[in-house]
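From first to last, the protein sequence lines stand for chains U and D. Counting from -18, one number per residue, gives the positions in the first sequence under our numbering. Counting from -18, one number per residue, gives the positions in the second sequence under our numbering. Don't be surprised by glycine CBs; every beta carbon is placed ideally from N, CA and C. The model shown is predicted, which means the values in this text are computed figures rather than measured ones. Working notes, beginning with the structure itself.
Protein chains: 2
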Amino acid sequence: MRELFEPASVAVIGASAERNKVGSIILGNIIESGFLGQLYPINPRYEEVLGLKCYPRVTDVPGPVEMAVVVVPAKFVLQVMEECGQKGVKAAVVISAGFKEVGLDGAKLEKQLGEIAHRYGMRVLGPNCLGLVNTHHHMNATFAQEGPREGNIAISSQSGAICVVILDWAANINIGFSKFISVGNKLDVDEGHLLEYLRNDPKTTVIGMYIEGTDRGREFLRQAELTTKVKPVIALKAGRTSSGAKAASSHTGAMSGSDKVYDAAMKQAGVVRVRNIEEMFDLLQAFSTMPLPHGEGVAIITNAGGLGVMAADACADNGLPLATFEPSTIERLREKLPPAASLYNPIDVVGDADSERYDHAIRTVMDDPNVACVVALLAPTDLVDISSVAGTLTAFAGSSPKPIVTSFVGGKEMAAPIEMLKAAGIPNYPSPDRGVRALAAMVEHRHSMGRPEPQPVPPYPVDRASVEEIVEHVRSEGRLQLSEAEGKGILKAYGIGIPREGIARDLRRAIDLAESIGFPVVMKVESPDIAHKTDVGGVVLNIDSNEELTRSYEVMLSKVKEKLPKARITGVSIQKMVKGREVIVGMVRDDQFGPVITFGLGGIFVEFLKDVTQGIAPLDRDEVERMVRSIKAYPMLTGARGKRPGDIPALVEVILKISQMAMDFPELEELEMNPVMVGDEGAGVTAVDALVTIKEEKK
Amino acid sequence: MRELFEPASVAVIGASAERNKVGSIILGNIIESGFLGQLYPINPRYEEVLGLKCYPRVTDVPGPVEMAVVVVPAKFVLQVMEECGQKGVKAAVVISAGFKEVGLDGAKLEKQLGEIAHRYGMRVLGPNCLGLVNTHHHMNATFAQEGPREGNIAISSQSGAICVVILDWAANINIGFSKFISVGNKLDVDEGHLLEYLRNDPKTTVIGMYIEGTDRGREFLRQAELTTKVKPVIALKAGRTSSGAKAASSHTGAMSGSDKVYDAAMKQAGVVRVRNIEEMFDLLQAFSTMPLPHGEGVAIITNAGGLGVMAADACADNGLPLATFEPSTIERLREKLPPAASLYNPIDVVGDADSERYDHAIRTVMDDPNVACVVALLAPTDLVDISSVAGTLTAFAGSSPKPIVTSFVGGKEMAAPIEMLKAAGIPNYPSPDRGVRALAAMVEHRHSMGRPEPQPVPPYPVDRASVEEIVEHVRSEGRLQLSEAEGKGILKAYGIGIPREGIARDLRRAIDLAESIGFPVVMKVESPDIAHKTDVGGVVLNIDSNEELTRSYEVMLSKVKEKLPKARITGVSIQKMVKGREVIVGMVRDDQFGPVITFGLGGIFVEFLKDVTQGIAPLDRDEVERMVRSIKAYPMLTGARGKRPGDIPALVEVILKISQMAMDFPELEELEMNPVMVGDEGAGVTAVDALVTIKEEKK
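Here it is in structure tokens:
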């Protein structure tokens, strides 16, 4: 990666002397950005380009070439890359389009490109990208019109057009960048590699990423986890919704993962996720200019009550508390503020406030230990000298011990003062809620930084052989779907509690079984063809006596036969009726992130209430406990409304075991236990149902 | 109200010759705005102000005075108002502060002000307000520096500072106003009056309101319902959250109602609610410049895939479908778009798109019957002539048959083209999601306009006497809380099903009762002191036999006595055990909106899952059906997962009856039926529990 970002020598293959050609713009940008290394235009059609000697092929260059920027048409790229390999080039930025994004032929070409790079050990950025910038290396190797100015933000983007948007936007709001990377089709270098590099880049203090899809989700997650311990990562993941994802995959050929899984993954990795590009900029401005808050209490200072109300609303929306001031703070405020002022949070310095009043209020609350961040609001009342207040605020740029954001709300009168704030590096927002959101993101990141290191859970001793045997048997019968009994066999092998139960082939044996287990019991139909037994009337709960069992047996079987005449019915299972709080624990494999563990409120209405949460396996105990606490129905588990508390520790164990199982057996494709009955404290947890499918065997 | 908005003659009482005094600014603003009527400065200290003859008192003015603007200090306001009354002034705008907003003394003064106005039949705007503007009457009677330009938007604001913010913001984005009203403390004129007036104002096509609290909630609701059938009402309600509400009430003395109730009220009235001031502007821009969409299908046109993805995400977030194009549309697109373009929605006209390509794509999708609105996106790629595309788009201003919004995303390069769009009246947004949100609001308003007229439900024949008797009895005992039996008596009087049940004073009678009702039964403790029986172990479900009843009786009573040793236990109730889907139906009285009906998923975890919805009584059948459909657990009622459908018509009846009860008996303060068991289709609905409290009797 060093050669990609800080090459001593660069060849531009496909450099052109024709104005407005990409091969000309890129070479010009590298020159204009003040690149200090060796620079070689390569093009057999020219002797000289932009005043530099031009070589027919990269192999003709006399000195070494560390990095190549490739802008030739797609059909020539393979040959050019072969020559780069021969020349000993270490990194290539392939700008050229015409690869995976145009269909199958392009994908084939891209694969060949990858093989050549691999053979020669070359890193590849792209293809189909805008290039990259390292401002501190004075290298703008993009074909964007506007080069970024120097700063501490690194950006990576999966869309070239979004790169251009960001550059143009940034030019307008005085934001500077350390690195700027257009990743294109991500044949080789992707967000995972970039995070690893940028984490250790002292010039970068905040990282922003525009992502449409990730092929190496787990690696991204791992790198993001490490990075967010050190510096903030802000991600905009587009293609969040099914219609958006459709546009994303026709765009760059990336498959967008399920959005809920992305959410879980980003949260787990401490990444701050934004929902649109404006929010991305809002956060970058605050992170790149302000220190992190040490806590979360917010002080609001305003010259207009209405704006204070809006900011307070936004604090509540974002889960930020308004700071309660120390009595000494209120005393100090009282000294210099007029009687009409409100000294409590939000502080209303009143419509005619001057810059001294703002200055006094800000410095006073900054000294209050309960205040972690400050929001300064200003409405263009006729009595205020806006520029003078803006001037006061600029004094807090760069040196403020606590983050401060401003919202000078208005338009015409505000334009010049807002420019002052921008130029000084005070993040200003057109409406109070956007500033509060930026502070909330800083608080969120601060929490992420402080989160405990993942503590790998020591593996539970399990009966692997039993699981292997069951999987083997299911495969031998050409099935992918396990019966309930087989599924429970797997749970048993992992020491997960299941109800006392047995299978009966006829009514007589069902009665014997129920008597030996003890009433009340549950009866369920046994069939390899029925996944959702409840839906076809294949489950009867709470059977209390032989008579009831007899009656229910006949009714149930006739119902099931009516609904699914072709299902093979192999008998009924008789289970001890288990009581407790119903939860769901499940596992699916995501294409991008691997095994995803789901936990939530269980029962047959889980799909409507959707009170569930996800985590990417392997999970540690902290993460599982966080998951359990995060559902809305959590009070159900802690014993609300006069109920006894549930056995949460036992529930946590079960989720950890499923996480381990997902890692132990990649052949398990999907698993769902619904309901899992959480008994009272100390009474354990029982999986009443188990639905397991396995992967198709690889041929 | 005519005299307020279109006075033929205006007196400015407290007019001043000193620059920068409010009394000078207002008079100056009225003159500068080109007011054509008679204008009289009033101030005993001057002979002449700003070139106009000045009178000592309003009673000294020779001709009639229809409207007075009062800017004297609070302590002189009463006298001035008295003189206005004597003069026959019909409407007064009281700018002066120092009333309700400063505490009890101010509130007293405000009350006296109200009495004078009432005595003389004067309308009052304010006190403590910025004034008002009627651009079409050439009257800017505010002390804002920047007068609004003429347009079709009416604004009312409860905060003077927010008024100023809006004016300054609008000056920057080329938005014009018909009326601009600062309502201040709303002693007399409030949002309800304004809606009534603005609804019939031909110069106003869209209304925006900034609200902190409403005293006459039901009147606001009624006027809003009528108004949104004719033109859109966009409301920003600040003080949404408990911390925000605290700031609001210290600000103008308004009590903010519960935010959920506001939400329900605004939805019921067809008001579009926005969450911040930026969204307010976003929506005003679209509503004031574009026609309403005839449907909801969105067509997205972009020169950058990434922006298309973002817009598609936003459509899904806002519940707007992407339009599916007709084959003929795709054919027409294919004719003029390059092969690399994507012809399906979002349409990607590719990075080098020129204005002709945009024009062709927009006109083509506008002709597609499946398209109701259009989003045109542009990234500043190096190959696009941004101004030329902007020029093409301006052609759609004013004449477009379908609404079109644009998002030219960027900063520096975009500034000039965006100015072109603004000037022409094309709503442009800095990020695609904001434009999509504006379209979604238009679709939402369109639906509101088309909603059926409220159909008053014919009153159910009920046994009023029984209810009166129960209430009387409870009052005679000095209680506010009804026993369960009393509560059910009220339900019975309204024909709401309750389980067969009886009260037993001892175990022997409990057994007799259970046998006559038939097992299984439910036993509950009877006590006037226990509201939440479940919480203290005072409910045992599913009792199947005499033996079980005997056992449970002893256990229950000892539990309850242990938890609430002081509760008076008058016996136990024995009920038929009712099965069904558990829902909750309740009623509370909101200070601002009156009786609010709650419906949702029932059971003991209702407070955690919060799957509930609200409506303001009286409700009609459509509204109740909408409420029932709107909860997440609705599929539980329609018969999901193999269950039989529930008796939804009977449930709707019960909710309508509670709505009627709330209107019939204002003395009922609160009512909660949880759970209400919804039986299978045709099997009816049974209220298993009833918790009722009555109002304290007025002394």
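Practice task
Determine, using beta carbons only, whether D/Ile23 comes closer than 9 Å to chain U.
Solution key: no
Practice task
Assign U/Gln436 to buried or exposed, taking buried as 16 or more other Cβ atoms, counted over all protein chains shown, within 10 Å of its Cβ.
Solution key: exposed
Practice task
Use the C-beta contact count for U/Ser159: other C-beta atoms within 10 angstroms, 16 or more gives buried, fewer gives exposed.
Solution key: buried
Handout entry: Within chain D, partners of U/Ile484 - CB distance below 7 Å
Key = Neighbours of U/Ile484 on chain D: none; closest Cβ ~22 Å, over 7 Å.
Exercise for the section: Use the C-beta contact count for D/Gln93: other C-beta atoms within 10 angstroms, 16 or more gives buried, fewer gives exposed. Expected result: exposed
Exercise for the section: Tell me whether D/Gln93 sits in a helix, a strand or coil according to DSSP, three-state version. Expected result: helix
Problem - Euclidean distance between Cα positions of U/Pro54 and U/Ile281 - result: 56 Å
Practice task
Return the bridge partner residues of D/Val564 from the DSSP annotation.
Solution key: D/Leu582, D/Val657
Handout entry: Listed by chain order, chain U residues near D/Asn527 by CB distance under 8 Å
Key = The premise fails here: D/Asn527 is roughly 15 Å from chain U at the closest Cβ pair, so nothing lies under 8 Å.
Exercise for the section: Report all residues from its chain with a CB closer than 7 Å to the CB of U/Glu677; omit the five preceding and five following residues, and keep chain order. Expected result: Leu461
Practice task
Give a yes or no on whether the C-beta atoms belonging to D/Ser533 and D/Val521 are separated by under 9 Å.
Solution key: yes
Exercise for the section: Could you tell me whether the Cβ of D/Pro294 comes closer than 9 Å to any Cβ of chain U? Expected result: Note that residue 294 of chain D corresponds to Asp in the displayed sequence, not to Pro. So, interface residue.
Problem - D/Thr185 versus D/Lys34: straight-line alpha-carbon distance, rounded - result: 35 Å
Problem - Chain-ordered chain U contacts of D/Leu590 [CB-CB under 8 Å] - result: Leu582, Leu590, Asp592, Lys613, Ala614
Exercise for the section: Answer with yes or no whether the minimum CB distance from D/Lys393 to chain U is below 9 Å. Expected result: yes
Exercise for the section: Could you round the C-beta distance between D/Glu651 and D/Pro626 to whole angstroms and report it? I think they count as a contact, below 8 Å. Expected result: With 8 Å as the limit, D/Glu651 and D/Pro626 do not qualify as a contact, their Cβ atoms being about 31 Å apart.
Practice task
Flag this pair as yes or no: are the beta carbons of U/Ala306 and U/Val346 separated by less than 9 Å?
Solution key: Checking the displayed sequence, the identity of residue 306 of chain U turns out to be Phe instead of Ala. Cβ distance < 9 Å, so U/Phe306 and U/Val346 count as in contact.
Handout entry: Backbone secondary structure at U/Ala357 - three-state DSSP
Key = strand
Practice task
Inspect the beta-carbon positions of D/Leu31 and D/Leu106 and report whether they are closer than 9 Å.
Solution key: no
Handout entry: Contact residues within the region 352 to 384 of chain U, judged by C-beta distance below 8 Å to chain D
Key = Ala360, Pro361, Thr362, Asp363
Exercise for the section: Determine which residues share a DSSP beta bridge with D/Met682 and list them. Expected result: Outside the displayed range of chain D (-18 to 680) lies residue 682 of chain D, so it cannot be described from this structure.
Handout entry: Buried versus exposed call for U/Leu17 [16 or more other C-beta atoms within 10 Å across all chains shown]
Key = exposed
Handout entry: Three-state class that DSSP yields for U/Pro22 in the structure shown
Key = strand
Problem - CB contact check: D/Asn257 to chain U, cutoff 9 Å - result: yes
Problem - Sheet register partners of D/Val386 (DSSP bridge) - result: D/Val356
Handout entry: Distance cut-off 8 Å: U/Gln573 Cβ against heavy atoms of the ligand ATP
Key = Absence of the ligand ATP from the depicted structure is noted, as is the absence of any ligand whatsoever, leaving it without description.
Handout entry: Interface residues of chain D facing U/Asp414 [CB-CB closer than 7 Å]
Key = Asn257
Practice task
Using a Cβ-Cβ cut-off of less than 9 Å, list which residues of the region 119 to 131 of chain U approach chain D; keep chain order.
Solution key: Phe124, Ala125, Gln126, Glu127
Practice task
Using a Cβ-Cβ cut-off of less than 9 Å, give me the residues of the region 274 to 293 of chain U that come near chain D, in sequence order.
Solution key: Ile281, Thr283, Asn284, Ala285, Gly286, Gly287, Leu288, Gly289, Val290, Met291, Ala292, Ala293
Problem - Any chain D beta carbon closer than 9 Å to U/Ile154 - result: yes
Handout entry: C-alpha distance - D/Gly499 paired with D/Glu482, whole-angstrom precision
Key = 10 Å
Problem - Chain-order list of residues whose beta-carbon lies under 8 Å from that of D/Ile311 (same chain, five-residue window excluded) - result: Leu324, Tyr325
Problem - Residues that D/Arg221 contacts on chain U, provided the C-beta gap is smaller than 7 Å - result: Asp294
Handout entry: Strand pairing of U/Lys217, partner residues [DSSP]
Key = According to the sequence displayed, residue 217 of chain U carries Leu and not Lys. According to DSSP, which records beta bridges pairwise, U/Leu217 is partnered with U/Tyr191, U/Val255.
Practice task
Output, in chain order, the set of chain D residues within a Cβ distance shorter than 8 Å of U/Ile143.
Solution key: Ala285, Gly287, Leu288, Ala360
Practice task
Give every residue of the same chain whose Cβ lies closer than 6 Å to the Cβ of D/Arg254, excluding the five residues on either side of it in the sequence, and list them in chain order.
Solution key: Ala216, Met247
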